[in-house]
Amino acid sequence: MSYEIEINEQRFEDEPRAGQCLRTYLRERGWFGVKKGCDQGDCGACTVHVDGQPVHSCLYPAVRAEGRSVTTVEGLASPCGDLHPAQKQFLEAQGFQCGFCTAGFLMTTSALQAERGTVHDDGKLDDLPRAFKGNICRCTGYRAIEDAVRGVRHIEEPGAGRAVGRSPGAPAGPQVVTGTARYTFDVEIPGLLHMKLLRSPHPHARIVGIDTREALQVPGVHAVFTHHDAPDHLYSSARHEHPTEDPMDTRVLDDVVRFVGQRVAAVVADSEQAAEEGCRRVVVSYEELPYVIDPEEAMLPGAPVLHPKGPESGIFRAENNVCGEVHGTIGDMERGYAEADVVHEETFRTQRVQHASLETHGSVAYFEPKEDGEGERITVRTSSQAPFLTRRALCALYGLDEDEVRVVTGRVGGGFGGKQEMLTEDIVVLAALRLRRPVKLEFTRAEQFHGATTRHPFKITVKAGAKEDGTLTALRIRIVSNTGAYGNHGPAVMFHSAGESFAVYKAPNKQVEAYSVYTNTVPAGAFRGYGLGQVLFALESVMDELALRLGMDPLALREKNVIGPGDPMVTPIGHEEDLFIASYGMKQALDVVRRAEAEDRSHEDVPEGWLTGTGSAVAMIATGPPGGHFADARVSLLSDGTYDIAVGTAEFGNGTTTVHQQITAGALNTTVDRITVRQSDTDVVRHDTGAFGSAGTVVAGKAVMLAAGSLAERLRTFAARHTGVARRLCRLEAEAFDCAGRVLTLKELYEAAHARGALEEIAADGHWGGSPRSVAFNAQWFRLAVDPDTGEMRILRSVHAADAGKVMNPMQCRGQVEGGVAQALGATLFETVRVDERGEVTTAAFRRYRLPQYADVPRTEVHFMETSDAIGPLGAKSMSESPFNPVAPAFANALRDATGIRFTELPVTRDVVWREINRKLQGGTDD
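The sequence shown begins at 11 in the numbering used here and counts up one residue at a time.
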């Protein structure tokens with residue numbers, strides 16, 4: 011057959027493979043702006059134009075494009091490079107964070123703009139919920155996208171030295187909107203082999219035999235790897251600075267499988283199709299073993315033991331499936347409850363939630379010369395939040411020195427904690443080392459659900475007592491966290507969940523009992539909030555119940571008991587010596603909520619018969635993980651008179667790259683456009699713990715601040731020596747030094763240093779160890795309306811108060827808050843990873859796992875508190891995780907206010923609300 015297609019005004023005649031979709035056809039020809047997010051037409055990241063009409067290219071057969079004109083995001087701009095109006099709008103509004111979905115939104119928007127005023131215009135640009143029903147964004151909360159479509163400009167161009175506190179755009183913005191930003195697989199690697207994984211169909215079984223002979227006969231298959239080929243070395247997939255934080259319970263390939271979806275074998279072939287066929291032909295014999303799904307049952311005597319390992323594994327009580335546990339008491343609990351006028355106890359449950367980053371997990375391993383030119387090293391390009399810790403783990407697994415392994419990330423398409431794991435890098439390195447060929451593994455969307463990680467499901471029981479005036483007398487929390495089949499992050503999430511959540515309220519008598527428990531289900535892992543969101547859902551709900559029983563205003567109850575400046579942060583799990591209230595925004599946050607409630611009139615237009623209610627919740631979070639979180643940075647003057655930042659932290663929409671530029675621009679009295687950033691590459695700096703635990707600004711940013719400040723002093727010293735002018739008379743400006751009227755350009759300064767062999771004098775290093783730490787505060791308020799006849803819930807108004815210290819970039823920080831609220835609303839209202847009676851995930855696609863779409867997310871009013879932190883860089887605090895935490899309890903409290911019903915289990919779906927309202931109307935009661 012003859013085949014011809016025009017792509018971005020270029021002609022191609024390569025015939026597609028049988029059954030090939032247009033997305034893969036385009037990417038194989040270098041149009042990497044076309045993204046893979048779901049492969050089922052659910053997310054819209056692959057949207058392109060075919061003869062001017064937007065289509066999901068993952069569903070569109072490439073053969074159907076024969077004779078047609080295809081435009082990708084790379085082809086939107088004019089031939090002379092002028093941006094399309096939609097691209098310009100998204101750039102000026104910063105209508106993106108990680109940017110992985112941006113091409114899809116741009117292609118949809120530009121197609122609708124082209125229809126504007128024509129016979130095909132059906133008004134979608136005026137009805138964005140309808141226009142974007144085929145596009146998903148996980149990061150932004152959609153407000154920035156709406157602003158982009160409406161032509162709102164948010165980016166600023168601050169003058170020299172004035173970037174901090176303003177909103178310059180992300181340095182990668184032009185690449186994001188033109189489709190040239192390079193994510194993990196947006197590279198061409200010659201000789202690339204493809205890996206596919208065979209996964210377990212059983213929740214618990216021992217592999218007694220694997221026959222790979224038929225698989226190896228498939229044309230194109232190069233190798234099949236099983237547990238016989240894997241190193242006999244236990245590790246954790248979790249990435250922490252201190253590996254002992256996690257139990258060592260995992261092997262690259264194991265002869266015992268512990269959940270449906272665990273990898274059993276890896277097939278490597280010339281193509282994904284051949285590798286998939288190879289997986290189908292591997293014959294595995296299993297001895298099925300007893301399994302347990304419920305964590306309470308898993309702790310009982312006689313339950314199946316998942317990990318019969320010794321104390322060297324770091325498992326607390328392997329014989330009872332207890333991965334980790336903590337018990338602690340302050341004061342006298344019986345006395346505390348006896349002193350209370352009101353005591354309330356309730357049990358709450360939270361569900362599994364998927365991170366749903368649009369870029370799935372994946373890695374490619376290949377060989378390149380070592381930096382010194384002596385021999386080869388293996389390079390791993392991966393979608394990771396922790397490249398340095400991943401290199402450390404790979405070296406330990408395979409007995410390699412650090413100079414033999416390089417780990418690098420491109421731009422990362424979303425993380426939310428899910429990429430603080432090593433889920434693909436270990437297996438691709440095994441294959442690459444054996445085959446001495448480049449090897450790629452990219453998860454499908456289904457694999458993200460049954461082969462990656464989720465948020466930990468929690469069962470939380472809270473018992474609280476208070477005096478008549480609202481003073482808390484006793485607070486007890488029992489936590490059972492389901493860590494799944496492996497303990498990655500299990501103990502750490504458990505400990506963290508009982509930390510700041512417990513410390514935020516003062517009570518003389520406190521007790522915690524917490525367990526992280528193994529079950530034969532998909533493993534849980536790090537997720538935005540790291541356990542706090544689960545416990546705060548319970549604690550903040552109980553605070554409202556106490557207020558109701560005391561006849562108090564819930565805000566007044568919180569104000570009376572919340573921790574204040576100078577108060578010690580003591581919990582039953584111990585006092586953290588390096589954690590301080592270095593700035594305090596909680597009072598301001600509560601004032602924002604009180605004003606919102608007093609002034610609100612959103613309920614006045616509610617349909618007749620609907621119920622309305624308001625609710626709020628507060629949260630506190632440490633601005634970094636305990637035990638040290640390390641970052642190195644280097645700032646250098648370049649030959650053209652501009653600056654270079656080298657830093658290890660990854661960019662995945664968290665905005666740290668922009669903030670690092672702003673900090674440096676302030677220290678060096680220059681503009682952000684004169685600063686480039688090299689990052690997330692183990693070649694770049696000595697070490698960086700990683701972009702997690704809200705550390706991008708407060709840890710890596712502080713290292714950058716120290717390096718930039720040191721460089722400013724070094725440059726002034728060099729300029730003074732070079733010109734013979736007193737150092738105090740040398741003033742650094744954007745592009746030069748003014749030394750008592752003599753101008754020395756930075757380019758000339760570089761040339762002078764180069765001539766003297768003194769380039770080290772025009773570079774400086776910074777290091778920060780993540781300690782001491784401060785805390786950030788957040789408060790969320792909702793007004794809801796509920797239709798008792800259908801269970802429909804509408805958010806009439808959403809207000810969020812964020813204590814971020816000195817807000818480095820208001821536009822970006824607002825986006826972090828909006829995105830956190832939107833993601834938390836998904837977890838509150840409909841998101842849930844369902845498993846069946848065997849622990850198998852049954853929601854392994856976006857169409858079965860309900861993500862928030864444009865129409866679901868309200869426009870949240872974001873208020874920043876006026877604080878400046880004594881610890882954070884230039885007074886800043888973290889604000890990437892914390893907005894998530896108070897959302898679910900605030901919503902539940904508003905729902906309680908509207909309906910009189912306390913909902914104790916997430917998600918609070920429409921059908922559940924309708925059922926419980928009807929149960930109450932038919933004579934049921936609510937506690």
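Built from N, CA and C at the ideal position, the CB exists for glycine as well.
Return yes when the Cβ of residue j is within less than 8 Å of the Cβ of residue i, no when it is not.
{"i": "Ala141", "j": "Leu116", "result": "no"}
{"i": "Ala789", "j": "Ser626", "result": "yes"}
{"i": "Ile155", "j": "Glu102", "result": "no"}
{"i": "Gly509", "j": "Phe702", "result": "no"}
{"i": "Val708", "j": "Thr755", "result": "no"}
{"i": "Ala350", "j": "Lys477", "result": "yes"}
{"i": "Glu369", "j": "Gly334", "result": "no"}
{"i": "Met579", "j": "Leu589", "result": "yes"}
{"i": "Ala276", "j": "Val228", "result": "no"}
{"i": "Asp698", "j": "Val657", "result": "yes"}
{"i": "Ile388", "j": "Glu414", "result": "yes"}
{"i": "Ala786", "j": "Ser888", "result": "yes"}
{"i": "Arg362", "j": "Arg209", "result": "no"}
{"i": "Arg696", "j": "Asp642", "result": "yes"}
{"i": "Ser67", "j": "Cys111", "result": "no"}
{"i": "Phe856", "j": "Asp52", "result": "yes"}
{"i": "Gly372", "j": "Phe195", "result": "yes"}
{"i": "Ser246", "j": "Asp256", "result": "yes"}
{"i": "Ala886", "j": "Gly815", "result": "yes"}
{"i": "Ala534", "j": "Thr471", "result": "no"}
{"i": "Ala718", "j": "Thr666", "result": "no"}
Based on the DSSP secondary-structure assignment, which residues constitute the bridge partners of residue i?
{"i": "Trp791", "result": "Ser626, Val809"}
{"i": "His873", "result": "Ala811"}
{"i": "Glu17", "result": "Sequence check: residue 17 is Ile here, not Glu. For Ile17, which the question treats as bridged, DSSP gives the partners Gln20, Val80."}
{"i": "Gln833", "result": "Its beta-bridge partners do not exist; DSSP assigns none."}
{"i": "Ala710", "result": "Bridge partners of Ala710: none, in fact."}
{"i": "Met803", "result": "Val796"}
{"i": "Gln364", "result": "Thr464"}
{"i": "Ile948", "result": "Absent from the model: residue 948. The displayed extent of the chain is 11 to 937, so no value can be given."}
{"i": "Pro64", "result": "His59"}
{"i": "Ile340", "result": "Lys520"}
{"i": "Trp778", "result": "Ala641"}
{"i": "Phe728", "result": "DSSP output for Phe728 lists no bridge partner at all."}
{"i": "Tyr408", "result": "Per DSSP, none; premise fails for Tyr408."}
Our contact map puts residue i next to residue j with C-beta atoms below 8 Å; I'd like the distance itself, whole angstroms only.
{"i": "Ala495", "j": "Phe792", "result": "Going by Cβ atoms, the distance from Ala495 to Phe792 rounds to 36 Å, so no, they are not a contact pair."}
{"i": "Val292", "j": "Met309", "result": "No, Val292 and Met309 are not in contact; Cβ-Cβ is about 35 Å, not under 8 Å."}
{"i": "His460", "j": "Val532", "result": "6 Å"}
{"i": "Thr674", "j": "Val714", "result": "6 Å"}
{"i": "Met258", "j": "Asn519", "result": "The Cβ separation is near 37 Å, so there is no contact."}
{"i": "Gln99", "j": "Gly161", "result": "6 Å"}
{"i": "Val872", "j": "Ala834", "result": "The Cβ separation is near 14 Å, so there is no contact."}
{"i": "Glu167", "j": "Gly40", "result": "Incorrect: roughly 33 Å between the Cβ atoms, too far for contact."}
Below 6 Å CB to CB, which residues in the same chain sit around residue i once its five sequence neighbours on both sides are set aside?
{"i": "Pro575", "result": "Ile591, Tyr594"}
{"i": "Phe949", "result": "No statement about residue 949 is possible, as the shown extent of the chain runs from 11 to 937 and does not include it."}
{"i": "Thr870", "result": "Ser808, His810, Glu828, Val831"}
{"i": "Phe42", "result": "Asp196"}
Apart from the five residues just before and just after residue i, which ones in its own chain have a Cβ nearer than 8 Å to its Cβ?
{"i": "His232", "result": "Leu203, Val278, Ala279, Asp280, Leu445, Arg447"}
{"i": "Asp252", "result": "A small fix is needed here, since residue 252 is His in this sequence, not Asp. Cβ neighbours of His252 beyond the five flanking positions: Gly637, Gly638."}
{"i": "Asp479", "result": "Lys570"}
{"i": "Glu282", "result": "His204, Lys206"}
{"i": "Arg688", "result": "Asp654, Ile655, Ala656, Val657, Val694"}
To which residues of the same chain is residue i closer than 7 Å at the C-beta, ignoring the five residues directly before and after it?
{"i": "Ala191", "result": "Gly109, Ala182, Gln185, Arg421"}
{"i": "Gly836", "result": "Leu861, Pro862"}
{"i": "Ser942", "result": "Residue numbering for the chain in the displayed model covers 11 to 937; residue 942 lies beyond these limits and cannot be assessed."}
Between residue i and chain C, is there a C-beta pair that is closer than 8 Å?
{"i": "Ala476", "result": "Going by chain labels, chain C is absent from the structure shown, which holds only one protein chain."}
As an exercise, report each continuous alpha helix (DSSP H) stretch of at least 4 residues that is fully enclosed by the segment 103-134, in chain order. 112-125
Enumerate, from N- to C-terminal direction, the unbroken beta strand (DSSP E) stretches of 3 or more residues contained entirely within the segment 204-288. Fully enclosed beta strand (DSSP E) runs of 3 or longer: 215-221, 231-235, 273-279.
Where in the segment 420-472 do unbroken runs of the alpha helix (DSSP H), each at least 4 residues long, occur, reported from the N-terminal end onward? List check, alpha helix (DSSP H) in window: 435-445, 455-460.
Runs of 4 residues minimum, wholly inside the segment 657-708: which ones carry the alpha helix (DSSP H) assignment? Assignment of alpha helix (DSSP H) within the segment 657-708, counting only whole runs of 4 or more residues, yields 666-677 in chain order.
In chain order, which alpha helix (DSSP H) runs of at least 4 residues are fully inside the segment 514-588? 542-560, 564-571
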